[in-house]
Amino acid sequence: MSNSLWPEGLPLPTMVNEIDYEAFLAARIDRAVEAFAAQGLTYDVEALETDPAVILLQVSTYEELMMRQRVNEAVRGQFLPFATGSDIDYLGCFHKLPRMAGESDDRYLTRIVLKTSSGDLGGSEPHYKLIAMSADMRVADAKPYRIGRDPTVHVAIISTDNNGVPDAELLAAVDAALQSPEARLTNDTIIVGPAARAVTDVHARVWLLPDASVTVIEEMRAQLIAAWSEIMLLGRDVNDTWLKAKLYHSGVHRIEIVSPASDKQVPFTEVAVLGEVNLELVGRAF
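Positions in the sequence shown are counted from 1; adding 29 to them yields my numbering.
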């Protein structure tokens with residue numbers, strides 16, 4: 030399964046202006062021609078780039094573009110999907126949720142969305158996930174869930190370090206936050222634990238270009254492991270397209286994924302972890 034903060038295909042806000050330099054310049058030239066005609070003057074050299082009037086219109090059009098772009102950026106900054114940096118901090122303060130020390134924009138945005146989703150109602154999935162992620166910066170992701178009709182709330186945690194496995198100290202910090210009277214509903218029983226791990230071995234066949242060094246193979250392995258550690262979240266699928274994209278390296282002619290044989294679908298309560306990464310050098314091609 031995959032997840033995203035924003036719906037797919039979300040259009041730009043209507044307040045964001047479309048910017049088209051050529052259209053703006055053409056409109057200004059048309060207005061200039063009309064203004065000359067109104068004064069009884071014939072102006073028919075607007076197609077010449079060396080004409081002083083055209084040069085002035087080009088300058089003013091560029092300045093308008095810069096102004097419109099700045100307005101667009103200011104408007105975008107008021108919407109969570111487009112906000113960055115300090116704009117997010119102001120939006121977070123509006124929702125009474127300050128940024129944690131050292132927190133990235135993406136993580137902070139996730140917590141703000143959880144805050145708006147949970148509102149003032151406790152006991153919901155967004156509410157418990159927000160509490161877990163706010164307990165410690167080392168919480169990379171959290172998933173509250175119930176098993177069948179059992180009312181017990183389980184909260185699966187993955188860590189930013191130790192290959193995603195939370196240590197006892199981190200689990201204790203999250204548990205303390207969730208068990209506090211301000212967080213837990215009176216009748217809820219909450220159990221915090223590490224997320225189930227879906228170990229995924231990767232086997233890929235690789236063809237290098239004739240002049241490529243064999244050290245490329247180890248560089249490919251390292252870059253794949255690093256890329257996965259950056260996006261490792263609960264429910265993140267492992268698919269062929271992503272693996273090929275992250276394995277690709279200069280000097281590589283072709284990559285064929287042998288294992289996993291098909292895209293690996295991961296439930297939201299589990300985290301996919303890369304196991305053995307076997308990159309088989311088949312030969313060279315051009």
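Virtual Cβ for every residue (Gly too), placed ideally from N, Cα, C.
The Cβ neighbour count for V88, taken over all protein chains shown within 10 Å, is under 16; the residue is labelled exposed.
In the three-state DSSP reduction, T90 falls in the helix class (H, G or I). Note: S288 is bridge-paired with H232 in the DSSP secondary-structure output. Residue pairing by DSSP places I219 opposite V182 in a beta bridge. For E132, the secondary structure class from DSSP, reduced to helix, strand or coil, is coil.
The Cβ atoms of L199 and R226 lie no closer than 8 Å to each other. P42 is classed as exposed because its beta carbon has fewer than 16 other beta carbons within 10 Å across all chains shown. For A201, the enclosing alpha helix (DSSP H) begins and ends at A197 to Q208.
Counting other Cβ atoms within 10 Å of its Cβ, P210 stays below 16 and is therefore classed as exposed.
The distance from the Cβ of D204 to that of I187 is about 15 Å, inconsistent with a contact at the 8 Å cut-off. Partner residues in a beta bridge of K275, as assigned by DSSP, do not exist. Within the model, the alpha-carbon separation for D80 versus I58 is close to 12 Å.
In the pairwise beta carbon analysis, the segment 206-225 is classified as touching the segment 296-304: at least three pairs are separated by under 8 Å. Here the alpha carbon of A201 sits roughly 25 Å from the alpha carbon of R265.
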